[in-house]
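Chains as they are written, first to last, in this note's numbering: chain A, 29 to 413; chain B, 405 to 633; chain C, 19 to 118. Note that CB positions come from ideal geometry on N, CA and C, so glycine has one too. Just so it is clear, the structure is predicted and the values come from calculations on it, not from any experiment.
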Amino acid sequence: MIKHLKIIEYALSSLLRRKTKIIAIFIAYTLTVATLASVLFLTHALKTEATHILQGVPDLIVQRILGGRHDLIPVDYAEKIKDIFGVSEVKPRYWGYYYDALTEANYTVMGAGDAALELKLLDGKLPATEFECAVGKGVAALRGADYSNELILVNSRNIGVLFDVSGIFQSDSSLLTNDLVLLTNEAVIDFFGFEPGRATDLAVTVQNSNELQTVAVKIKKLFPDARPITKRELTRTYDMVFNWRSGMMLTVFCAAIMALCIMAWDKATGISAEEKLEIGILKAIGWDTDDVLILKFWEGVIVSMTSFLTGLLLSYVHVFYFDAFVLSTILKGWSVLFPAFQLTPSVNVLHIFTMFFLTVVPYIASTVIPTWKTAVTDPESVMRG
Amino acid sequence: MAYIEIEGLSKVYNVGRADELTALADVSLSIDSGEVAVLTGSSGSGKTSLLSLIGCMARPTQGKVIIAGKDVAKLPERFLTAVRRKRFGFIFQQFNLIRDVSVLENVLLPLYPLDLGMSAMKDKAMPILEKLKISHKKNLKVKNLSGGEQQRVAIARALINEPEVIIADEPTAHLDRRLAQEFLDILEVLNHEGKTIVIATHDPFVYDNRLVGKTVSMRDGRIEGVTIH
Amino acid sequence: MMKGKIFFGVIIVECVLLAVLLIHGRIRYHSQDFHHLEAKRTLVSQLGLTDYAIWTEARYTRHPSQADFFSAFQDFPAAFEHFPAGGIIAPPQFLQGEVE
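What follows is the structure, given as structure tokens:
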């Protein structure tokens, strides 16, 4: 024990001698861990939140597919679906996208249906008349609707329509409502010029969630052009979207690991003449091969542990206290309307361990292994200067 | 009885390769306890090789190295290290100090792998540093010291394990006359304390010194002659 | 053993900080559970929302769960899928052979 403490002491002096190099490694290492951890924390938090929030999504959404594309669904499908055993309610949903040339942003225009007029995360009310709308924080900010209380949108007949803003969603709900423009169902039909008797899709409520799949199959049988999307599929989508192995997450991850490997490789191949001499001296004055390896092990632990912990701390603060401001610019892509994240902190301990094994362990190995070769040779070489 | 006994020792480097080199060929020698022995000869004569074999820094190709009655030539590495740590103190030509570390840490370095507390280690080091008159510089980094001071740090490091044998390779190569004399004075004190001293040098100032009890002249990896003073 | 003490000090401080952050996070999580998560869930069920409003550039990024097979290819089957968000999100699960 005391031996290890002393060797740690010497390892520290030894590291301090190579200050610039160590600081460079520390910074690179910390940034790698911080990036990795930020991605993992962010996606995990989004995922956890999604699985909680999306519990409220409709049990079943029925779309109509025409030529492989999403098409408007006849509302009278609803009548027949309602007759399927186990279905308690079918509501047509009216929604679509609106490209606002003025701000070069896409909005989602949605019919509020028969939702309660007052909602907790809404300042004001949902639209009660055809001339009212409720908008997300992003839209409100982009269009200055929070000051003017008015919103002009151009409808499908190329006529500007003036809506009174009856409510604005609070920023806490931005992740869900940022780009929303809520109108009454009638207003949406008129605005987009939907054919009469058509809706965007149908939201189906099923009494017993176990029967969801059976109902979906029945609907598919009844209407071959329909595509039922179950609640489970919906929530699973978000499990997938933020799967840390997918897409960019993987890329970022690989890049980070690669960078670390380059660093490790450089260390592994670059045991300098000076380091060799030092190992020789230590052996000559009575250090065992084991002792030299212990020294190098602790050097690796010191550098990697401090960097790892610092990186974790940085990423945690970055993601949960600064709303992932660095990462969100990457996530943002081409979105003009990008919601401000306010994530509920949730961390997967397994992720921390994974990162530990993928960063700390290889680093320590890459400090110890190259030394081993030098350390087992006879110290005689130092005699020769 | 001889403290160090060498029998039929040879050392060949790069055995079986084109650049095979015989550094020592069939060398036999004995050095008594408390003796000051000097190995002389031009560079390449095998002094340093012999010194490192005596000091258990390398293993011979053939022959025996008997230290205090025990043949160490065939010992596994771990035991060799233990012998080296327990019995020998080394003073190298280049001093081989860790330049960016303090004087005290350099001197304590041989004790790090032992189960000895930091304060006990310091208690051991301080009298030695005082004896060598460098205790006032213990917190300075070695690279800020003069050549003579560096050598005294190297000596202090060699003494910290209370070795029975001091091995010095060309110790005066980087010292001027005055410092070389100072070094010999220190050796004299150590010798009076009973330490066996083996020096490899081609500096006549060292091998002509009255301190020296045995001069071993070497040439091409063989012993040419042994003079006892 | 000054340096060693400083090192262990740093490590301990970092561990404690991390633990405090994680615990604080847990507490925040549970308090938000009452305030916002519930409200958000109500919002979702009342308005029939299905997706996060993170990427608004295309319908398969705005509503990944609602996207049909081909929406990533926008207007014709050979079109390159070219929005950055497409690189972040995974393909819809029915393309990954995980349909029940």
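Residue-level contact by beta carbon holds for A/Thr-265 and chain C, with a gap shorter than 8 Å. The C-beta of C/Arg-44 has fewer than 16 other C-beta atoms within 10 Å across all chains shown, which makes the residue exposed.
Assigned with DSSP and collapsed to three states, A/Tyr-57 falls in helix. C-alpha of B/Glu-592 to C-alpha of A/Ala-301: approximately 35 Å in a straight line.
A/Asp-207 has a beta carbon lying within less than 8 Å of a beta carbon in chain C. Within the DSSP bridge table, the entry for B/Met-622 names B/Ile-627 as partners. Look at A/Lys-304: its C-beta is not under 8 Å from any C-beta on chain B.
Residues of the same chain with a CB within less than 8 Å of the CB of A/Leu-321, apart from the 5 flanking positions on each side, are Val-396, Thr-399, Trp-400 and Ala-403 in chain order.
Neighbourhood of B/Leu-563 in chain A, by CB distance below 9 Å: empty, with the nearest CB roughly 11 Å away.
Chain C places a beta carbon closer than 8 Å to that of A/Ile-93, counting this residue as a contact.
Residues of chain B with a Cβ closer than 7 Å to the Cβ of A/Pro-390 do not exist, since the nearest Cβ in that chain sits about 27 Å away. Secondary structure note for B/Leu-413: its beta strand (DSSP E) is the uninterrupted segment 406-417. For B/Met-525, the uninterrupted alpha helix (DSSP H) segment begins and ends at 522-535.
For the 8 Å CB-CB criterion, A/Ile-53 and A/Val-245 do not form a contact.
Residue environment analysis places A/Tyr-127 among the exposed positions, since fewer than 16 neighbouring C-beta atoms fall within 10 angstroms of its C-beta. Contact between the segment 515-529 of chain B and the segment 447-457 of chain B is absent: fewer than 3 CB-CB pairs across the two stretches fall below 8 Å. With a threshold of 16 other beta carbon atoms within 10 Å, A/Arg-171 meets it and is buried. Bridge pairing for A/Glu-117: A/Thr-233 [DSSP].
Around A/Leu-310, the beta-carbon contacts reaching into chain B at under 8 Å are Leu-513.
Taken through DSSP and simplified to helix, strand or coil, B/Cys-460 comes out as coil. When Cβ pairs closer than 8 Å are counted between the two stretches, the segment 467-481 of chain B is seen not to touch the segment 29-37 of chain C, the count staying below three. The Cβ neighbour count for A/Ser-66, taken over all protein chains shown within 10 Å, is at least 16; the residue is labelled buried. Judged by DSSP in its simplified three-state form, A/Met-138 adopts strand.
The criterion of a C-beta distance shorter than 8 Å is satisfied by A/Leu-210 and A/Ala-162.
B/Ala-441 and B/Val-616 have their alpha carbons spaced roughly 6 Å apart. Around the beta carbon of A/Asn-236, fewer than 16 other beta carbons lie within 10 angstroms, which makes this residue exposed. Taking the Cβ atoms as the reference, B/Ala-560 lies roughly 7 Å from B/Ile-538, within the contact range of under 8 Å.
Not a single CB atom of chain A sits nearer than 8 Å to the CB of B/Val-546. Of the residues A/Phe-222, A/Pro-120, A/Ala-287 and A/Asp-151, the one whose Cα lies closest to the Cα of A/Leu-386 is A/Ala-287. Within the DSSP bridge table, the entry for A/Trp-293 names no partner. One alpha carbon belongs to B/Asn-565, the other to B/Leu-513, and they sit about 10 Å apart. Classified as exposed, C/Val-31 has fewer than 16 neighbouring CB atoms from the shown chains inside 10 Å of its CB. A/Ile-358: not part of any beta strand (DSSP E); member of the alpha helix (DSSP H) spanning 353-360, first to last residue. Between the beta-carbon of B/Thr-600 and that of B/Gly-438 there is about 6 Å, and that keeps the pair under the 8 Å contact cut.
Residue-level contact check: B/Ser-447 does not touch chain A, since none of the beta carbons of chain A fall below 8 Å from its beta carbon.
Looking at the DSSP output, A/His-98 shares a beta bridge with A/Ile-93.
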